[in-house]
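Residue numbers (our numbering), protein chains in the order written: chain A, 1 to 305; chain B, 1001 to 1332.
Beta carbons are placed, not taken as given, at the ideal position from N, Cα and C, and that holds for glycine.
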């Protein structure tokens, strides 16, 4: 029983990282109907921005002298990474997707694959392909609850992810920006007629989604200890499956899907075999496409010619 | 009756021609250049096959390396198992080798085609870009599977039972005979009624459905055929070297194929042929720029999509008539 609770806790912590990334996929899909393959690289760049920001703020010296990293500096690292990724996300949209706004559906998809490849390989060139040890922004503290080990890192990951998702909920449902985003995702032309600037709104959507991915990147680094330039591919794929599982284009769905994917991955790794932890995501994707392609929280939208 | 005779005569001439050119190539060119020529042929098969689904049908597969891997492993394994039985039956020699090789290639094609069906049915039932994401996952999973299958050599690769590795069946003759066969098959599909239905699906799936086009069935069929051609290319590739490794079929391989058809033009068979040859040559020229190669490809993809999204040729076909009349013939 304690093993089960342990796996659930680990799964929820991993799943909240997937959820943060999945939100970016689902928001962009909502407004542009585009699978933004470059999102997984925005996530990777976010993790590296956090890495360099922490190094710049002198985490290595603090670590060697045995001191822990001050909390306010950890917050600075998070904000810097989110800003870098938000800028990157908006730049990608501006350079690669905006010129193709009226192109056939396949064209932006290929561009997205190209952007993803480009960023990943630039990452290999700039960051070198070697895995890097992630700086200990948080010092690990273990709590033992009768055999169930909970670290402060897992708790922080879950808490930060939840806080960001609640923030996003307020942004989308309680602000004018959020209202504009929802309007554009429902009908771009009608939104334009109502005085909404779709380009600005789409830009903001990319910025918000990318910032969330950056937060996911830092949390991923904390959780997995090492990062490398190809870390985005598999994690991004899982996050996308999470978005499809919850219902693509649906924001609460992405959060739910992320948690479910994290849970199932951890349970498979714990009870069946760690070799199958990546395969289960793929299996879930196939099953959801057969049984309920609109996702758990998605609604079927009638397509019109 | 006379048409039938003409066809036999033309086919015989083509086969003899390939054989003759092959003999010439093998006699005059150094091995390094010969290898590039073979790779160019395999690329053409890959590009023309992928073009059927990505170009003509407009459904994007980004994991075709997975089908190539299935074809390569199946063909290599079947070849190794069949060779002793067939040489016992017909005596060791060119004939039994040829039969073994082609049976192995066909086995690879069938396995890849079946895998295409299994991947295609759940993902192509739906509209949208699900095929892209499913094939991306599939390509990776297949590679992991071969990486962990001990019977097929796991991560070190499959080298057959012979210490010298897999038999080097692949020659100019067989590669280009298969190029001709596959280009003809894909051409006949593309310019048939089925091909028009596929184009209709690309242009507007809902409208095609309204015209009573069985969209799901056609998409799955096209995808499965495309996967089978990748399987043949995989089999030819496997018998070109002493062994195959899972890392030969990484995601980069799928990207190479996409670059081939995008350079040539989405939906153009001659474009795919040009793209395949172009890539075989540039890959050799860029051998020294390992880490820059993918950066250049990625930039090429993005820039072509923004500047000329239809690719070099678009959906047009290159033909001799085009040069004679200085005007592209309208698509039949």
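Within chain B, the residues that residue i reaches when beta carbons sit closer than 8 Å
i: residue 240 (chain A); result: 1133
i: residue 35 (chain A); result: 1129, 1132, 1133
i: residue 124 (chain A); result: 1291
i: residue 130 (chain A); result: Correct list: empty, because the minimum Cβ distance to chain B is about 13 Å.
i: residue 19 (chain A); result: Correct list: empty, because the minimum Cβ distance to chain B is about 18 Å.
i: residue 107 (chain A); result: 1305, 1309
i: residue 100 (chain A); result: 1305, 1306, 1309
Neighbour flag for residue i against chain A, beta carbons, 8 Å
i: residue 1256 (chain B); result: no
i: residue 1246 (chain B); result: no
i: residue 1161 (chain B); result: no
i: residue 1331 (chain B); result: Summary for residue 1331 (chain B): the model assigns pLDDT 49, below 50, so the residue's position carries little reliability, and this model does not support an answer.
i: residue 1297 (chain B); result: yes
i: residue 1201 (chain B); result: no
i: residue 1294 (chain B); result: yes
i: residue 1166 (chain B); result: no
i: residue 1126 (chain B); result: yes
i: residue 1081 (chain B); result: no
Below-8 Å beta-carbon distance, residue i vs any chain B residue
i: residue 245 (chain A); result: no
i: residue 73 (chain A); result: no
i: residue 275 (chain A); result: yes
i: residue 229 (chain A); result: no
i: residue 175 (chain A); result: no
i: residue 121 (chain A); result: yes
i: residue 88 (chain A); result: no
i: residue 337 (chain A); result: Since the first residue of chain A shown is 1 and the last is 305, residue 337 (chain A) is not available in this structure.
i: residue 23 (chain A); result: no
i: residue 118 (chain A); result: yes
i: residue 293 (chain A); result: yes
Range of the contiguous alpha helix (DSSP H) that encloses residue i
i: residue 175 (chain A); result: Careful: residue 175 (chain A) lies outside any alpha helix (DSSP H) and carries neither H nor E.
i: residue 200 (chain A); result: 198-224
i: residue 1162 (chain B); result: No alpha helix (DSSP H) contains residue 1162 (chain B), which DSSP labels as neither H nor E.
i: residue 252 (chain A); result: 251-271
i: residue 278 (chain A); result: 277-291
i: residue 1297 (chain B); result: 1290-1307
i: residue 1284 (chain B); result: 1269-1285
i: residue 1100 (chain B); result: 1094-1124
i: residue 194 (chain A); result: Premise fails: residue 194 (chain A) is in no alpha helix (DSSP H) and is neither H nor E.
i: residue 18 (chain A); result: 2-32
i: residue 1056 (chain B); result: Run containing residue 1056 (chain B): none; DSSP gives neither H nor E here.
i: residue 74 (chain A); result: 71-92
i: residue 1248 (chain B); result: Residue 1248 (chain B) -> no alpha helix (DSSP H), and no H or E assigned at all.
Rounded Cβ spacing between residue i and residue j (contact assumed at less than 8 Å)
i: residue 1233 (chain B); j: residue 1062 (chain B); result: 17 Å between Cβ atoms; not a contact.
i: residue 227 (chain A); j: residue 51 (chain A); result: 7 Å
i: residue 1218 (chain B); j: residue 1194 (chain B); result: 7 Å
i: residue 40 (chain A); j: residue 205 (chain A); result: Going by Cβ atoms, the distance from residue 40 (chain A) to residue 205 (chain A) rounds to 17 Å, so no, they are not a contact pair.
i: residue 247 (chain A); j: residue 295 (chain A); result: 3 Å
i: residue 1048 (chain B); j: residue 1280 (chain B); result: The pair is not a contact, with the Cβ atoms about 14 Å apart (cut-off 8 Å).
i: residue 90 (chain A); j: residue 216 (chain A); result: About 18 Å; that fails the 8 Å criterion.
i: residue 183 (chain A); j: residue 196 (chain A); result: 6 Å
Chain A residues whose Cβ lies nearer than 8 Å to that of residue i
i: residue 1122 (chain B); result: 286, 289, 290
i: residue 1141 (chain B); result: 278, 279, 282
i: residue 1262 (chain B); result: 110
Residue span of the beta strand (DSSP E) that contains residue i, given as start and end
i: residue 150 (chain A); result: 148-151
i: residue 51 (chain A); result: Unbroken run through residue 51 (chain A) is the alpha helix (DSSP H), 39-56; no beta strand (DSSP E).
i: residue 144 (chain A); result: 142-145
Interface partners of residue i on chain B, CB under 7 Å
i: residue 114 (chain A); result: 1298, 1301, 1302, 1305
i: residue 103 (chain A); result: 1309
i: residue 237 (chain A); result: 1136, 1137
i: residue 297 (chain A); result: Here the premise fails: no neighbours, minimum Cβ distance about 17 Å.
i: residue 136 (chain A); result: Under the 7 Å cutoff, chain B gives no residues; its nearest Cβ is about 30 Å from residue 136 (chain A).
Minimum Cβ-Cβ distance from residue i to chain C less than 8 Å
i: residue 1060 (chain B); result: Structure shown: chain C not included; protein chains present are A and B.
Chain A contact residues for residue i, given Cβ-Cβ distances below 9 Å
i: residue 1147 (chain B); result: Here the premise fails: no neighbours, minimum Cβ distance about 10 Å.
Contacting residues, own chain, Cβ-Cβ under 6 Å from residue i (five flanking each side not counted)
i: residue 1053 (chain B); result: 1059, 1061, 1222, 1223, 1226
i: residue 127 (chain A); result: 48, 229
i: residue 135 (chain A); result: 54, 59
i: residue 1189 (chain B); result: 1195
Spatial neighbours of residue i in its chain, beta-carbon cut-off 7 Å, leaving aside the 5 residues before and after
i: residue 1073 (chain B); result: 1146, 1152, 1158, 1244
i: residue 1238 (chain B); result: 1072, 1075, 1076, 1166, 1244
i: residue 264 (chain A); result: 280, 284
Other residues of its chain near residue i: CB distance less than 8 Å, five sequence neighbours each side excluded
i: residue 9 (chain A); result: 148, 150, 154
i: residue 80 (chain A); result: 49, 50, 53
Under 9 Å by beta carbon: chain B residues contacting residue i
i: residue 188 (chain A); result: Result: empty, since nearest Cβ-Cβ is about 17 Å, beyond 9 Å.
i: residue 96 (chain A); result: 1302, 1305, 1306
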